[in-house]
Each structure stands twice: as structure tokens, then as C-alpha cells.
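Under the numbering used here, the letters of the sequence shown match residues 221 to 314, in that order.
Report on the structure given below.
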Amino acid sequence: MAEKTAPYIPNLTGTWTGPMQGYDQGTGFSDYPALGVKMTITEQKGRIFAGHIMFTINGTESASGFAGAIGRDGRTLSISEEAGGYCSGEIVAD
Numbered sequence: 221m222a223e224k225t226a227p228y229i230p231n232l233t234g235t236w237t238g239p240m241q242g243y244d245q246g247t248g249f250s251d252y253p254a255l256g257v258k259m260t261i262t263e264q265k266g267r268i269f270a271g272h273i274m275f276t277i278n279g280t281e282s283a284s285g286f287a288g289a290i291g292r293d294g295r296t297l298s299i300s301e302e303a304g305g306y307c308s309g310e311i312v313a314d
């Protein structure tokens, strides 16, 4: 029987930007065209990481802390926001 190897765990520390998609009760699905999002991961230990998300809405910035985990597959992400809410994602490239 072949020995299973653990998946590679990427180092996510740094600042990440990109599009945001979601669903809001009463509004429905949105790609949030007027919303800028910047996620900064300030610390990571193994699969667990933490930092803050900066939202820019109409030129006004607000930050929210978060903690998250990289899935056992080394690709999926689960994040819980300090002010409430959660999100999930997938690492698609280096």
C-alpha cells in the first residue's frame, strides 16, 4: 500500500486583491461592482491564518478582522469574519 503524503500548504501571508461575489438577503446575487476588496493575511501557522479585509465603498475604507483555515486538500479556504459573516474560496494559482 502506498503511503499518503500530506498536501502542500501554501504560505498566504501578504496582501491579496480581487473580485468579490456574494448573496445578500433581499437583494440577491451580486458581483459588487462598486466595492473594492483587499485582504491582508498578517500571520499564518500551518493551515490556520488571520488578518483583516479592507472594503472600499464609494471611496470610504472600512476594515474587518478575520481568521481562516486552508482545507486538508491544500486548495479550499474557509474564513470567518470578526464582525459576523463568513466566506469560502479556492486557491486557483500561485
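Yeah, the Cβ is synthetic: ideal placement off N, Cα and C, and Gly gets one too.
Sheet register partners of residue i (DSSP bridge)
{"i": "L255", "result": "I277"}
{"i": "L297", "result": "I290, G309"}
{"i": "G285", "result": "H272"}
Residue i versus the options, residue with shortest Cα-Cα distance
{"i": "M240", "options": "I268, G288, I277", "result": "I277"}
{"i": "I229", "options": "I268, M259, G248", "result": "I268"}
Extent of the continuous beta strand (DSSP E) run through residue i
{"i": "D244", "result": "242–244"}
{"i": "T225", "result": "No beta strand (DSSP E) contains T225, which DSSP labels as neither H nor E."}
{"i": "G304", "result": "Segment: none, G304 is in no beta strand (DSSP E) and carries neither H nor E."}
{"i": "T237", "result": "234–237"}
{"i": "G248", "result": "248–250"}
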